[in-house]
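Engineer: Right, I'll just put the structure down here and ask away after.
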Amino acid sequence: ELKVEQNPLFLSMQEGKNYTIYCNYSTTSDRLYWYRQDPGKSLESLFVLLSNGAVKQEGRLMASLDTKARLSTLHITAAVHDLSATYFCAVERNFGNEKLTFGTGTRLTIIP
Amino acid sequence: EPEVTQTPSHQVTQMGQEVILRCVPISNHLYFYWYRQILGQKVEFLVSFYNNEISEKSEIFDDQFSVERPDGSNFTLKIRSTKLEDSAMYFCASSEWGGLTEAFFGQGTRLTVV
Chain D
7 ELKVEQNPLF LSMQEGKNYT IYCNYSTTSD RLYWYRQDPG KSLESLFVLL
57 SNGAVKQEGR LMASLDTKAR LSTLHITAAV HDLSATYFCA VERNFGNEKL
107 TFGTGTRLTI IP
Chain L
27 EPEVTQTPSH QVTQMGQEVI LRCVPISNHL YFYWYRQILG QKVEFLVSFY
77 NNEISEKSEI FDDQFSVERP DGSNFTLKIR STKLEDSAMY FCASSEWGGL
127 TEAFFGQGTR LTVV
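Heads up: the protein sequence lines correspond to chains D and L, in order.
If you count the first sequence from 1, you need to add 6 to reach the working numbering.
If you count the second sequence from 1, you need to add 26 to reach the working numbering.
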C-alpha cells in the first residue's frame, strides 16, 4: 500500500524567511502533485512533477522530485503572508492508475 | 477557464437520511473521481469512474455509497443512509485521460450529518 508522508505537519515562519516542506512516499510513482488549500476551500494545483530531477518554480515556490529517494520538496523563498495555507503533496502510483494518494498536509502560517 | 462545479456547497442532513452530491465535470473529461476530507485531515480517495463504470474504489466506499452519471453532464455520489462519521468535505474531480493527465478538483460540498 502506498504511503505518503509530509513533514512538518505544522510550520510557523516569519515573513522573509526560507523553508522547505518534505514529502516522502513509499513505492515507485510516475508523478507527484503539490496542492494548496485555503481554509474551507478546494484544492488548487500548484505543480505536477513527472520525472526524476524535475524542478518547477512559480513565484516564491519551487518544487523538486527525486524519484530514487522517493522524495519531493516544496521550497518557500522569502515567505509572505499570502502563502499561509495548507499544502498537500499527492502521488499517483503508476501510469494509468488514476487515483491520488495524498500526504498528511502541512499547515503553513506566515507571521508578519 | 473550464472548471468542475459541485452542488450544493453545504448540505446538512439527519443521520439515516439519503443524500446525493452533484458534480458537473469539465466537459471533455472522461474520468471522474470522488474524494473526501474529514475536517482537519488529509484528502482520501473514494472512487474513480470511467466509461460508465467504477474503475477503482477504496475501502471507505462501501455498500452505502454509489456513483452514477445519469446524463451527459452530471456525476453524482449517493450515500444511502448517512452516519455521523460521513460528515466531511466531498470533492469531485475530473481528468481528460485518467492517469495520463492532471485531475481538476471542484470546490467541494461540505456534508454535515446531525
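Even for Gly, the Cβ is constructed at its ideal location relative to N, Cα and C.
Since we're looking at a predicted model, the values are computed, not measured.
Which residues in chain B have a C-beta closer than 7 Å to the C-beta of residue 101 (chain L)? List them in chain order.
Structural biologist: Going by chain labels, chain B is absent from the structure shown, which instead holds the protein chains D and L.
Engineer: Could you tell me if residue 16 (chain D) is buried or exposed, where buried requires 16 or more neighbouring beta carbons within 10 angstroms of its beta carbon?
Structural biologist: It counts as exposed.
Engineer: Could you please give me the residues that DSSP links to residue 175 (chain L) through a beta bridge?
Structural biologist: The structure shown does not extend to residue 175 (chain L), since chain L is modelled only from 27 through 140, so no value can be given for it.
Engineer: Does DSSP put residue 98 (chain D) in a helix, in a strand, or in coil?
Structural biologist: Correct three-state label for residue 98 (chain D): strand.
Engineer: Looking at C-alpha atoms only, which residue of D:39, D:48, D:37, D:33 is the closest neighbour of residue 91 (chain D)?
Structural biologist: When each option's Cα is compared against that of residue 91 (chain D), the closest is D:48.
Engineer: Which of the residues in the stretch 43-59 of chain D, read from start to end, lie with their CB under 9 Å from any CB of chain L?
Structural biologist: Hits within the stretch, in order: 43, 46, 47, 48, 49, 50, 51, 54.
Engineer: Using three-state DSSP, classify residue 198 (chain D) as helix, strand or coil.
Structural biologist: Residue coverage of chain D in this structure runs from 7 to 118, which leaves residue 198 (chain D) outside it and unanswerable.
Engineer: So that I know if they touch, is there some Cβ in chain D lying closer than 8 Å to that of residue 133 (chain L)?
Structural biologist: Yes, residue 133 (chain L) lies at the interface with chain D (some Cβ there is under 8 Å from its Cβ).
Engineer: Using a 10 Å radius around the Cβ and a threshold of 16 neighbouring Cβ atoms, would you call residue 112 (chain L) buried or exposed?
Structural biologist: Buried, by the Cβ-count rule.
Engineer: Assuming residue 132 (chain L) and residue 32 (chain L) make a contact with CB atoms under 8 Å, what is their CB distance in whole Å?
Structural biologist: Right, their Cβ atoms sit about 4 Å apart.
Engineer: Which chain D residues sit within Cβ distance under 9 Å of residue 114 (chain L)?
Structural biologist: Under the 9 Å cutoff, chain D gives no residues; its nearest Cβ is about 13 Å from residue 114 (chain L).
Engineer: Could you have a look at residue 72 (chain D) and say whether DSSP puts it in helix, strand or coil?
Structural biologist: Reduced to three states, the DSSP call for residue 72 (chain D) is strand.
Engineer: State the Cα-Cα distance for the pair residue 116 (chain D) and residue 80 (chain L), rounded to the nearest angstrom.
Structural biologist: Rounded to whole angstroms, residue 116 (chain D) to residue 80 (chain L) spans 41 Å at the Cα level.
Engineer: Whose Cβ in chain D lies nearer than 7 Å to the Cβ of residue 85 (chain L)?
Structural biologist: Under the 7 Å cutoff, chain D gives no residues; its nearest Cβ is about 10 Å from residue 85 (chain L).
Engineer: Kindly list the residues whose CB is nearer than 8 Å to the CB of residue 44 (chain L), restricted to its own chain and excluding five residues on each side of it in sequence; keep chain order.
Structural biologist: Around residue 44 (chain L): 104, 105, 106, 107, 108.
Engineer: Is there at least one Cβ from chain D nearer than 8 Å to residue 91 (chain L)'s Cβ?
Structural biologist: False, the Cβ-Cβ gap to chain D never drops below 8 Å.
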